[in-house]
Amino acid sequence: MPQNIFNYFDQVELPTPTLEPTEVLDLVASTFGLEISVEALGSQQDQNFRLFEHGSPHPKGVLKISNPAFSFPEIQMQDQAALLLAQNQNTLRVPRIVTGPRGPLSAWWETSQGLLHARVIENIAGRTLTGSDYLAPDVVSRMGEIAARTSLALADFEHAGTHRVLQWDLRHARRVIDRLLPLEPDSSIRRFVEESALRAGLVLEEVEDILPVQAGHFDITDDNVLRPDGGRLPDAVIDFGDVCTSWRVGELAVTISSLLHHDGATPATTLPAIRAFHKLRPLDESEVSALWALVVLRGAVLALSGRCQVRLDADNSYADAALERELRILTVAASVPPEVMTGAVRQALGMPIKDNPSWTCKPVLPPLGVVTTLDAGTTSTLNDNGAWMKEATLDKAAAAALSTGADAVVLPAWSAVLTAAPIRTPTVPETFPTGLTLWLSRPTSLSAEALVSRINADTIAVAIAGAVLTISAVGLGRKSTHLLPARTKLFVQFDRRGVSDAPAMVTADLMAGWAAILGDPAPALGLVSSSRSTNDDVLERRGGVLANVQEHYYAVPPQIERGWREYLIGVDGRIYLDMVNNVASVGHAHPRVAEAASRQMRLLNTNSRFHYRAIADYAERIAATLPDEIDTVFFVNSGSEATDLAIRLAMASTGRRDIVAMRESYHGWTFASDAVSTSIADNPNALESRPEWVHTVEAANSYRGELRGNEAAGYASNAVKIIDELAAGGTLPAGFICESYFGNAGGIALPDGYLTDVYAAIRKHGGIAIADEVQVGFGRLGEWFWGFQQQGAVPDVVAVAKSIGAGQPIGAVVTRREIADRYRTQGYFFSSTGGSPVSSVIGMTVLDIIQDEGLQENARVVGRHLKNRLEALSKENDLIGAVHGSGLYLGLEFVKDRSTLEPATDETAAICNRLLELGVFMQPTGDHLNVLKIKPPLCISQESADYFVDSLAHVLETGW
1 MPQNIFNYFD QVELPTPTLE PTEVLDLVAS TFGLEISVEA LGSQQDQNFR
51 LFEHGSPHPK GVLKISNPAF SFPEIQMQDQ AALLLAQNQN TLRVPRIVTG
101 PRGPLSAWWE TSQGLLHARV IENIAGRTLT GSDYLAPDVV SRMGEIAART
151 SLALADFEHA GTHRVLQWDL RHARRVIDRL LPLEPDSSIR RFVEESALRA
201 GLVLEEVEDI LPVQAGHFDI TDDNVLRPDG GRLPDAVIDF GDVCTSWRVG
251 ELAVTISSLL HHDGATPATT LPAIRAFHKL RPLDESEVSA LWALVVLRGA
301 VLALSGRCQV RLDADNSYAD AALERELRIL TVAASVPPEV MTGAVRQALG
351 MPIKDNPSWT CKPVLPPLGV VTTLDAGTTS TLNDNGAWMK EATLDKAAAA
401 ALSTGADAVV LPAWSAVLTA APIRTPTVPE TFPTGLTLWL SRPTSLSAEA
451 LVSRINADTI AVAIAGAVLT ISAVGLGRKS THLLPARTKL FVQFDRRGVS
501 DAPAMVTADL MAGWAAILGD PAPALGLVSS SRSTNDDVLE RRGGVLANVQ
551 EHYYAVPPQI ERGWREYLIG VDGRIYLDMV NNVASVGHAH PRVAEAASRQ
601 MRLLNTNSRF HYRAIADYAE RIAATLPDEI DTVFFVNSGS EATDLAIRLA
651 MASTGRRDIV AMRESYHGWT FASDAVSTSI ADNPNALESR PEWVHTVEAA
701 NSYRGELRGN EAAGYASNAV KIIDELAAGG TLPAGFICES YFGNAGGIAL
751 PDGYLTDVYA AIRKHGGIAI ADEVQVGFGR LGEWFWGFQQ QGAVPDVVAV
801 AKSIGAGQPI GAVVTRREIA DRYRTQGYFF SSTGGSPVSS VIGMTVLDII
851 QDEGLQENAR VVGRHLKNRL EALSKENDLI GAVHGSGLYL GLEFVKDRST
901 LEPATDETAA ICNRLLELGV FMQPTGDHLN VLKIKPPLCI SQESADYFVD
951 SLAHVLETGW
């Protein structure tokens with residue numbers, strides 16, 4: 001048996017053993033005494049099979065036939081390292097040698113290809129992360145955690161075999177690259193690898209002599225971890241074939257590299273893994289500095305080695321299949337300079353950014369006089385009324401300032417720029433300028449001491465005392481002059497490296513990294529540096545002062561500070577598509593709503609007991625949208641108040657207290673509206689905690705209720721029966737309340753005739769029919785302005801809110817005059833700001849916009865298109881159980897099984913999180929939280945609807 005420790009540089013070529021299955025079966029039987037069947041598995045340098053006992057679907061183990069280049073001490077060392085990890089980290093599942101009828105299944109075989117070592121290790125149940133599907137942040141974080149736990153367990157591991165020289169040992173990466181690079185036939189790949197490795201090597205040279213060294217697994221990759229069946233997060237480590245002694249930080253670098261080929265991966269998406277590793281296995285200064293350079297070098301070694309292996313072993317399908325993803329790893333790793341990622345890593349770990357560059361030379365321009373500084377950020381007035389969507393907005397603002405006396409106009413570096421930011425972006429957009437933009441009122445000469453040189457047709461370099469600026473403008477490089485032109489957009493950068501390859505704009509997650517090498521050019525122009533803050537504690541402050549029960553969307557939500565039409569905009573300038581916000585019915589920040597509110601605030605805003613015109617006008621406008629007999633209006637401030645008041649009206653008008661409500665519904669949080677809310681998603685004990693005066697009927701859910709399809713017509717008769725039985729037993733109900741279109745369940749239409757029959761039953765016994773239109777009213781359904789119109793029924797009381805105010809807290813209850821008059825039996829009614837002048841004016845403006853801009857028709861047309869596309873998507877993906885709804889109130893229900901309708905609750909939550917990464921706001925609804933509630937602003941365009949479906953299709957295809 002071989003005893004010489006392997007040295008890669010003595011044997012660059014490593015042909016994989018290729019025993020035929022028949023020979024393997026014979027050897028397993030003769031050596032281990034097992035009669036089995038085999039299933040070939042892939043490997044780059046070894047030969048692997050999964051073993052099954054005859055007739056059993058459960059694997060006996062994995063047969064690993066080691067490459068003959070590896071010695072017996074190395075093989076022993078791998079097994080001992082695995083055992084040590086299993087003993088030290090009991091939260092990780094680790095395979096061990098299987099014991100058979102003749103003892104441990106480990107032996108040397110005399111084969112047709114010479115002496116080979118074979119051993120059978122446990123088959124760990126679960127699924128690897130193999131492939132290039134998306135990895136969520138929690139999965140990425142777990143990868144870093146597993147790498148750290150493995151590093152800790154093997155920190156003191158000593159064995160002769162660990163001192164072997166592997167091509168995967170990052171200490172030898174540059175030497176491996178030098179060996180393989182001349183063998184690579186593709187000149188473009190040769191050049192790319194060489195440039196990437198050179199850049200990484202320069203960074204590594206500064207710290208390599210002080211990097212800590214220890215034994216490690218050094219192959220904790222997506223191929224070598226397993227998540228349990230039915231589980232989300234990996235908890236098992238396999239394949240100890242690369243155990244050796246190397247730089248400690250290499251454990252993390254290898255893990256990070258394996259994440260970079262997955263869908264949507266960027267250098268920044270690996271930060272959760274780095275944070276998780278650092279939390280358990282803190283990185284020292286030298287390791288932080290070396291980390292990304294090692295990731296790049298790992299990518300270079302993978303790309304060259306894989307291509308070399310395929311040329312050597314053309315039948316190795318495992319190596320061949322990996323070529324594309326290995327090159328992708330290097331491409332993504334090298335997309336950001338190592339020193340930039342080092343800055344981003346330092347920020348992520350809470351470490352100070354070192355060596356922020358600053359301009360210490362004389363300014364290159366004379367004093368500029370009056371300087372106007374533009375703010376192009378999310379909250380800037382410059383971007384009001386959709387001006388941020390126009391590319392010319394900045395130039396117009398600069399020209400206006402210059403025309404009114406400014407000598408220069410400046411847009412600072414390192415502050416988020418919303419103006420002209422892209423919409424509907426599946427990746428984090430580049431919204432932070434790495435330089436300063438300058439407009440001059442007159443031609444201005446650069447300092448006589450400055451040395452000006454041409455970089456390209458649009459860019460010049462300005463050097464003074466060894467410091468270099470770059471200044472760019474269209475055609476600027478064509479003029480060899482010290483004179484900067486007037487009224488021209490000039491982009492100025494200061495790069496301490498003295499190069500000019502930095503991008504003009506970068507993403508928020510890499511801003512700190514770029515700022516570590518690119519300074520603020522303002523002092524070079526005689527201006528004061530702009531202040532920038534990378535730490536924002538608003539979420540922490542919110543948690544510290546608000547009640548925990550007042551929740552927010554998402555665990556780590558973006559900070560939204562502006563909206564426009566169907567878009568929500570974060571402080572970092574990212575624009576999200578809002579697919580969940582029926583509050584902003586006519587679109588966010590509608591100019592007519594803002595102007596109406598502003599005008600009325602300048603006139604009068606007071607409580608509704610004063611006499612003013614707006615409240616009467618608004619009440620008439622709402623009543624005009626309803627059947628003639630529903631003619632009397634109460635104004636409140638929310639949906640909860642509206643449904644609460646509707647219930648009180650039923651009680652007052654009948655002199656009774658019992659209410660019948662549909663199960664699985666949500667009506668509000670006030671005492672009465674909460675009492676009739678039975679959604680277990682909002683209150684797990686909803687049914688058990690109902691007061692005795694609330695009686696419930698089945699949720700008329702024709703998709704997942706007890707009565708489905710054609711049988712759903714029986715829900716009405718069942719409800720009628722309960723109402724009749726209550727009355728017969730002496731409990732005369734005051735009223736019946738339900739959503740007229742089952743919004744809380746995801747926009748499910750009630751069975752035809754349901755409301756007609758149930759309203760008739762409640763009225764037969766002297767009760768009141770209440771329609772909760774808070775979610776679906778006001779044109780959202782497209783075909784109908786009110787939900788009850790879909791049923792061909794007329795309620796006695798209508799409660800509405802949310803969309804009627806377009807974000808202003810407005811609620812209304814509309815009923816017949818005789819019902820309203822009976823409220824006096826309960827005392828007086830007064831809502832201080834319900835129907836206030838401002839609320840009334842806003843409410844009327846919303847009605848005007850719905851009519852003038854054809855928003856109900858838009859809901860019908862775009863909603864139909866959207867539903868058609870979702871239905872087409874459902875035919876391609878079994879996770880989609882049904883598409884509910886009408887117009888722009890749709891529900892997409894996810895199920896694990898279309899027969900049992902088992903709710904896909906966890907999947908739905910994860911899909912919503914993934915959609916947020918793709919720039920789409922979406923949330924789950926329904927008792928099982930397995931339905932996407934699709935209710936965007938009514939002004940949504942077909943292009944935005946398509947973007948949503950395309951994003952969802954991408955998620956369903958690539959994972960969540």
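With this note's numbering as the guide, the letters of the sequence shown map in order to residues 1 to 960.
Virtual Cβ for every residue (Gly too), placed ideally from N, Cα, C.
Being a predicted model, the structure only gives us computed values, none of them experimental.
- In the structure shown, the three-state DSSP call for D495 is strand.
- Under the DSSP assignment, I353 falls outside any alpha helix (DSSP H); it carries neither an H nor an E label.
- Along the length of the region 721-760, whole beta strand (DSSP E) runs at least 3 residues long occupy 735-739, reported in chain order.
- G811 is positioned such that its CB atom lies closer than 8 Å to that of A642.
- Leaving aside the five residues that flank A734 on each side, the residues in its chain whose CB is nearer than 7 Å to its CB run, in chain order, A650, M651, T654, R656, R657, D658, I659, G767 and I768.
- CA-CA distance, W514 to K802, rounds to 43 Å.
- Ranked by Cα distance from V838, the options A314, N581, L25 and A596 are led by A596.
- For T16, the closest alpha carbon among the candidates K64, W359, L85 and V28 is that of K64.
- Taking C-alpha positions only, L890 is separated from Y947 by approximately 16 Å.
- In this structure, the CA atom of S187 is about 14 Å from the CA atom of I177.
- If the five residues before and after F671 are omitted, its C-beta is found closer than 8 Å to the C-beta atoms of D644, all from its own chain and listed in chain order.
- Residue pairing by DSSP places T245 opposite A215 in a beta bridge.
- Counting along the chain, H884 sits inside no alpha helix (DSSP H); it lies in the beta strand (DSSP E) bounded by residues I880 to S886.
- If you draw a straight line from the Cα of S530 to the Cα of A745, it comes to about 50 Å.
- Counting C-beta pairs closer than 8 Å gives fewer than three between the region 784-794 and the region 600-609, which falls short of the contact rule.
- Annotation: L374 to P366 spans about 21 Å, alpha carbon to alpha carbon.
- Checking the DSSP bridge columns, you'll see E39 partnered with R50.
- Shown here, S151 sits in a helix according to DSSP, grouped into three states.
- Assigned with DSSP and collapsed to three states, V120 falls in strand.
- In the three-state reduction of the DSSP assignment, G466 falls in the coil class, being assigned neither a helical nor a strand state.
- Going by DSSP, K489 is part of no alpha helix (DSSP H) at all; its letter is neither H nor E.
- Burial of T255 is indicated by the presence of at least 16 other C-beta atoms within 10 angstroms of its C-beta.
- Non-local beta-carbon contacts of L233 in its own chain, meaning distances under 7 Å to residues more than five positions away in sequence, involve D138, V139, R142 and R227 in chain order.
- The beta carbon of P272 sits closer than 8 Å to those of P137, D138, V140, S141 and G144, all from its chain and outside the five residues before and after it, given in chain order.
- Within the same chain, and ignoring the five residues on either side of R592 in sequence, the residues whose Cβ sits closer than 8 Å to its Cβ are T845, D848 and I849.
- Three or more pairs of CB atoms, one per stretch, sit closer than 8 Å, so the region 893-905 contacts the region 927-935.
- Taking 8 Å as the cut-off, the Cβ atoms of A333 and V193 do not count as close.
- Put simply, the region 773-782 does not touch the region 722-732. Fewer than three CB pairs are less than 8 Å apart.
- Between L490 and L446, the CB-CB gap reaches or exceeds 8 Å.
- With contacts defined as CB atoms closer than 8 Å, Q309 and Q113 fail to qualify as a contacting pair.
- Rounded to the nearest whole angstrom, the C-alpha separation of I146 and L440 is 55 Å.
- Between the beta-carbon of A420 and that of T393 there is about 7 Å, and that keeps the pair under the 8 Å contact cut.
- Taking one beta carbon from each stretch, the region 421-436 and the region 562-573 have 3 or more pairs nearer than 8 Å; the two touch.
- Looking at the DSSP output, P795 bridges to nothing.
- Shown here, S453 sits in a strand according to DSSP, grouped into three states.
- Between V814 and I770, the C-beta spacing is not below 8 Å.
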